[in-house]
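Going down the list, the sequences are from chains A and B. In this text, residue positions in the first sequence follow UniProt numbering: the first is 1, and each later residue adds one. In this text, residue positions in the second sequence follow UniProt numbering: the first is 1, and each later residue adds one.
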Amino acid sequence: MLEVMDVTKTFKERTAVSRVNMYIEKGEIVGLLGPNGAGKSTTISMISSLIAPTEGEIYAGGFSVKKNRTTIRRMIGVVPQEIALFQDLTALENLRFFGRAYKLKGSELKERVAHVLDVVGLTERAGEFVKTYSGGMKRRLNIAVALLHEPELLIMDEPTVGIDPQSRSYILETVRELNRTKNMTIIYTSHYMEEVEYLCDRIYIMDHGEIIAAGTKHELKAMLMEEDSIVVTLNQSADQLAEALKARDDITRVHVSGHEAVIAAKKDAPVLETVIQLTRKNGVELKSVEVRSPSLEDVFLHLTGRTLRQ
Amino acid sequence: MLGMMLVKEVKQLLRERSELLTLLLMPVILITILGSALQGMTSPGAAGAGQLEAAVVIEEPLDVSLAQFQDLLEAEGMPPEMQETLLEEAAAVSVPEMFTEMLQSLEEDGVLEVSIIDDAADVPDDAAGVWEFDEGYRVDTWQQMFLQDEVPEPVIVRVDSQLGIIEGITGAFFEELNWQKEAAYLAMQEETPVPEAVQTEVETRQLDNRSVITSFDYYTAGMAVMFVLYTATFLASTAHTERRTYVFQRLLTSNVPLWLYVAGKGGAGVLLALVQLTVIFSFSSLVFGVSFQSLGLTAVIALGLALTVGSLAMLLTAVNYRLRNEQATALFASAGVTILAFLGGSFFNVSQLSETMAFIGRMLPNGAAMQSLLAVMGGAGAELIYPMFVSVFAFCILCIVAAMLVFPRKEDV
Ligand SMILES: Nc1ncnc2c1ncn2[C@@H]1O[C@H](COP(=O)(O)OP(=O)(O)OP(=O)(O)O)[C@@H](O)[C@H]1O
Ligand SMILES: [Mg+2]
Chain A
1 MLEVMDVTKT
11 FKERTAVSRV
21 NMYIEKGEIV
31 GLLGPNGAGK
41 STTISMISSL
51 IAPTEGEIYA
61 GGFSVKKNRT
71 TIRRMIGVVP
81 QEIALFQDLT
91 ALENLRFFGR
101 AYKLKGSELK
111 ERVAHVLDVV
121 GLTERAGEFV
131 KTYSGGMKRR
141 LNIAVALLHE
151 PELLIMDEPT
161 VGIDPQSRSY
171 ILETVRELNR
181 TKNMTIIYTS
191 HYMEEVEYLC
201 DRIYIMDHGE
211 IIAAGTKHEL
221 KAMLMEEDSI
231 VVTLNQSADQ
241 LAEALKARDD
251 ITRVHVSGHE
261 AVIAAKKDAP
271 VLETVIQLTR
281 KNGVELKSVE
291 VRSPSLEDVF
301 LHLTGRTLRQ
Chain B
1 MLGMMLVKEV
11 KQLLRERSEL
21 LTLLLMPVIL
31 ITILGSALQG
41 MTSPGAAGAG
51 QLEAAVVIEE
61 PLDVSLAQFQ
71 DLLEAEGMPP
81 EMQETLLEEA
91 AAVSVPEMFT
101 EMLQSLEEDG
111 VLEVSIIDDA
121 ADVPDDAAGV
131 WEFDEGYRVD
141 TWQQMFLQDE
151 VPEPVIVRVD
161 SQLGIIEGIT
171 GAFFEELNWQ
181 KEAAYLAMQE
191 ETPVPEAVQT
201 EVETRQLDNR
211 SVITSFDYYT
221 AGMAVMFVLY
231 TATFLASTAH
241 TERRTYVFQR
251 LLTSNVPLWL
261 YVAGKGGAGV
271 LLALVQLTVI
281 FSFSSLVFGV
291 SFQSLGLTAV
301 IALGLALTVG
311 SLAMLLTAVN
321 YRLRNEQATA
331 LFASAGVTIL
341 AFLGGSFFNV
351 SQLSETMAFI
361 GRMLPNGAAM
371 QSLLAVMGGA
381 GAELIYPMFV
391 SVFAFCILCI
401 VAAMLVFPRK
411 EDV
């Protein structure tokens, strides 16, 4: 369905995307994960033919994005990271306008508009101005517009950014439904691990313009199978404890944020004991300890030494 | 799709209160204020009058008048040598001849272009002023001067009163004339006592189907041509918002061609400007009784203006996209429009300042449209608005070509 081959994009001096390769099958939900500025939106703009790659080729459904722009654009639906809507028009007017842009007419237009409104659950509020919508409703309408022409490939750029958990899970369910009922291929961009972990069959992890890891969530987590992950919370800064832990051989990484420390240790290493000993010695109080199975967050930490939202 | 874009722009504008105020309420308020404040003053005058054409109609040749006067003197029983002196005297103080002489000296100064004709029917259509001396006028004046008969019928001066200059010339001449006649009369007094005062009256009439331009007419034209320009800046700023909020990118991904988007802005400019002009003109006509004389010609001028606005909207949109901000449009809205309006004569008749100013005003589409509107309000025919289309079309083509050059290629947006 989609092949991104060795694609690079350079803006003046800055390389935003560097030698990216992606391969997506029909009907897959693929996550594109990465921190701010990783190059996710730039990659998506290139796939949706809005900007031309400096180097490399992109094919969608067998068509070159460079040469068959019109065909490609008909095939894909893009949910931009920004709310790309007319604020002064109602939801219905927005949908009709973009529907016409997609060359829908008459009863077909009507049906499609009614359908996508239903999909995102905005039928009741369709007559209201977009500027009076809540953030979550705007996000949902932003998605609805991209669904009007029933795209084969839906590209969503952080569709849940800045909205409450309820709207978020509504959107996640919608995405799942679209994939299940219409066999729609979906690229889902986010820097929320949980979303990607929940939705996606396969995941590409981007950082500094490069794909640093790719695979199913199990494959990615398998990179951490040799490790245990322990989160401890202290009554004061965890820096001192981290220093002491890092000196030990069986501890692979320690990541500190405030009173919290995420410790990655070799499998079956006596980490808990060590932590208790060290805190006692330093007169620090231990508030909580949690041993957990590795998450994609840990994978990212493992790969970059940083958390995703750092 | 183009229709859809137009509908969308109209809807957006209707929902933008502050923009609506600028585009519709402001001109109406300014017409009211400026129109009322300057009501008493002499009409601001048609912009860019240039060289005036004037005509003097003298229905009767001088020798015919002299012969008639001689018959009259004969009938009075005047001795022949006295007749001769009087006739010589009369030929020297013939009002139409003196007047023509004065006009010809003005013509040498480049103020006027005068034609002297003997039939009122031959007056050129575009004459800005016509003086008519009827058959028998000379004899009447002579009779009054030399025989103290009845005061003659007033000389009829038909004046296009948009041009204060014609009235000025007339006034100056006849005042001078009355004074001269008074002097001549005093000089003659020693020989023949003549008791009654001499006077020549002037009856000013409007040129056929031309009407007075009131201050409300003037500012209706002036504010209309100025405020339509803000429609272009409004559209360009919505275009900028559409790029900034990625609506434009969304249109591209839905396969709306670039040219259609830009053409949509142009089309919306034409449409909105027409609506705006209709509102302003209707208001002036209903509230201040501004009369446009010819609806057809007014519509043609409005269309020309609307095309100007449309192409300007396209250019400003292109500039916004190229610069990736809307500072150029903001600058145009604040300074550019005011300068154009000033040069075009929206505030006062700058064309009276100098020939260069008049030329600049005529070259600007807003100035040209304003002059055409005033001309039509004054009752002029179609030929007076043709020149406007030269500057309007030149401006439109310039804007559209510039827009095409300036608009960034697909990859840069
Ligand atoms: N038009 C542009 N001109 C110059 N630099 C750009 C442009 N677009 C993006 N960049 C740069 O490219 C890099 C990648 O940006 P991009 O928007 O693709 O990141 P992202 O992964 O989508 O981030 P976020 O999660 O914040 O949306 C950034 O450093 C950004 O500053
Ligand atoms: Mg992004």
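A virtual CB, placed ideally from N, CA and C, is assigned to each residue, including glycine. Bear in mind that the values here come from a model prediction, so they are computed numbers and not experimental data.
For this session: Run the proximity test for V17 (chain A): is its beta-carbon closer than 8 Å to any non-hydrogen atom belonging to ligand 1?
Result: Answer for V17 (chain A): yes, Cβ within range of ligand 1.
Problem set entry | Residues that V247 (chain B) contacts on chain A, provided the C-beta gap is smaller than 8 Å | Simply A84, L85 and F86.
Exercise. Does H115 (chain A) have its Cβ less than 9 Å from a Cβ in chain B?
Worked result: No, no contact with chain B.
Problem set entry | is_contact[S134 (chain A), chain B] using C-beta, thresh 9 Å | Chain B, which has no Cβ nearer than 9 Å to the Cβ of S134 (chain A), makes this no.
For this session: Determine, using beta carbons only, whether D320 (chain B) comes closer than 9 Å to chain A.
Result: Reading off the sequence shown, one finds Asn at residue 320 (chain B), where the question assumed Asp. Not flagged as an interface residue toward chain A: N320 (chain B), since no C-beta distance is shorter than 9 Å.
Problem set entry | Cβ-based burial, N36 (chain A) [other Cβ within 10 Å; buried from 16] | N36 (chain A) counts as exposed, since fewer than 16 other beta carbons sit within 10 angstroms of its beta carbon.
Exercise. Mind checking if S190 (chain A) is an interface residue toward chain B, Cβ cutoff 9 Å exclusive?
Worked result: It does not; no Cβ of chain B falls within 9 Å.
For this session: With a floor of 3 residues, list each beta strand (DSSP E) that falls wholly inside the stretch 70-143 of chain A, ordered by position along the chain.
Result: Complete beta strand (DSSP E) runs here, min 3: 76-79.
Problem set entry | Proximity test, F11 (chain A) beta-carbon vs ligand 1 heavy atom, cut-off 8 Å | The answer is yes for F11 (chain A).
Problem set entry | Reduced DSSP secondary structure (H/G/I, E/B, other) of K11 (chain B) | The three-state reading of DSSP puts K11 (chain B) in helix, counting H, G and I together.
Exercise. How long is the line joining the alpha carbons of S291 (chain B) and G367 (chain B), rounded to whole angstroms?
Worked result: Each residue's CA atom was taken as its position, placing S291 (chain B) and G367 (chain B) some 20 Å apart.
Exercise. Just reading off the alpha helix (DSSP H) that T181 (chain A) is part of, what are its end residues?
Worked result: It spans P165 to K182 - the alpha helix (DSSP H) in which T181 (chain A) sits, taken as one unbroken run.
Exercise. So, does the CB of S18 (chain B) fall closer than 9 Å to a CB anywhere in chain A?
Worked result: Residue-level contact check: S18 (chain B) does not touch chain A, since none of the beta carbons of chain A fall below 9 Å from its beta carbon.
Exercise. Taking only beta-carbon atoms, is E57 (chain A) less than 9 Å away from chain B?
Worked result: At least 9 Å separates the CB of E57 (chain A) from every CB of chain B.
For this session: Note down, in chain order, every chain B residue with its Cβ under 7 Å from the Cβ of F11 (chain A).
Result: Going along chain B, no residue has its Cβ under 7 Å from F11 (chain A), so there is no contact; the nearest lies around 11 Å.
For this session: Would you list the residues sitting across from K266 (chain A) in a DSSP beta bridge?
Result: The partner list for K266 (chain A) (beta bridge, DSSP) reads A:E227.
Problem set entry | Residue ranges of each beta strand (DSSP E) within the stretch 226-302 of chain A, 3 or longer | Runs found: 227-234, 251-257, 260-266 and 286-292.
Exercise. Which residues mark the beginning and the end of the alpha helix (DSSP H) in which K40 (chain A) is found?
Worked result: Annotation for K40 (chain A): the continuous alpha helix (DSSP H) segment containing it runs K40 to I47.
Exercise. Thinking C-alpha only, which one of A:R74, A:R100 and A:T252 is nearest M4 (chain B)?
Worked result: Among A:R74, A:R100 and A:T252, the Cα nearest to that of M4 (chain B) belongs to A:R100.
Exercise. Taking Cβ-Cβ distances below 8 Å as the criterion, which residues of the stretch 249-275 of chain B are in contact with chain A?
Worked result: For the stretch 249-275 of chain B, the set of positions with a beta-carbon nearer than 8 Å to some beta-carbon of chain A reads Q249, R250, L251, L252, T253, S254, N255 and V256 in chain order.
Exercise. How about S49 (chain A): is its Cβ closer than 8 Å to a heavy atom in ligand 1?
Worked result: Every heavy atom of ligand 1 is 8 Å or more from the Cβ of S49 (chain A), so no.
Exercise. Count the other CB atoms within 10 Å of the CB of K265 (chain B); is the residue buried (16 or more) or exposed (fewer)?
Worked result: Buried, since its Cβ has 16 or more Cβ neighbours within 10 Å.
Exercise. When you check each C-beta in the stretch 322-333 of chain B against every C-beta of chain A, which residues fall closer than 7 Å?
Worked result: Within the stretch 322-333 of chain B, no residue has a Cβ that lies closer than 7 Å to any Cβ of chain A.
Problem set entry | DSSP three-state assignment for D134 (chain B), whether helix, strand or coil | Reduced to three states, the DSSP call for D134 (chain B) is coil.
Problem set entry | chain B contact residues for L109 (chain A), given Cβ-Cβ distances below 9 Å | Contact note: L109 (chain A) does not reach chain B at a C-beta cutoff of 9 Å; the least C-beta distance is about 11 Å.
Exercise. Going by DSSP, which residues form a beta bridge with S354 (chain B)?
Worked result: Per DSSP, none; premise fails for S354 (chain B).
Exercise. Less than 8 Å between the CB of E158 (chain A) and some heavy atom of ligand 2, yes or no?
Worked result: Yes, since a heavy atom of ligand 2 falls inside the 8 Å radius drawn around the Cβ of E158 (chain A).
Problem set entry | Closer than 7 Å at the beta carbon, the chain A residues around R15 (chain B) | Chain A residues near R15 (chain B): D88.
Problem set entry | Where the alpha helix (DSSP H) through S284 (chain B) begins and ends | Note, S284 (chain B): alpha helix (DSSP H), L258 to F288.
Problem set entry | Touching by the beta-carbon criterion (3+ pairs, under 8 Å), the stretch 225-236 of chain A and the stretch 282-297 of chain A | Yes, the stretch 225-236 of chain A is in contact with the stretch 282-297 of chain A.
For this session: Kindly provide the ranges of any alpha helix (DSSP H) runs that are 4 or more residues long and lie completely inside the stretch 318-391 of chain B, ordered along the chain.
Result: List check, alpha helix (DSSP H) in window: 327-331, 337-344, 355-363 and 365-377.
Problem set entry | Listed by chain order, chain B residues near Y102 (chain A) by CB distance under 7 Å | The contacting residues are S254.
Problem set entry | is_contact[I143 (chain A), chain B] using C-beta, thresh 9 Å | No, because no Cβ of chain B sits closer than 9 Å to the Cβ of I143 (chain A).
Exercise. Ordered along the chain, which non-local residues of its own chain (more than five positions away) have a Cβ less than 7 Å from that of Q68 (chain B)?
Worked result: Answer for Q68 (chain B): V139, listed in chain order.
Problem set entry | Chain-order list of residues whose beta-carbon lies under 7 Å from that of S65 (chain B) (same chain, five-residue window excluded) | Beyond the five residues adjoining it in sequence on each side, S65 (chain B) comes within less than 7 Å, by CB distance, of R138 and V139 in the same chain, given in chain order.
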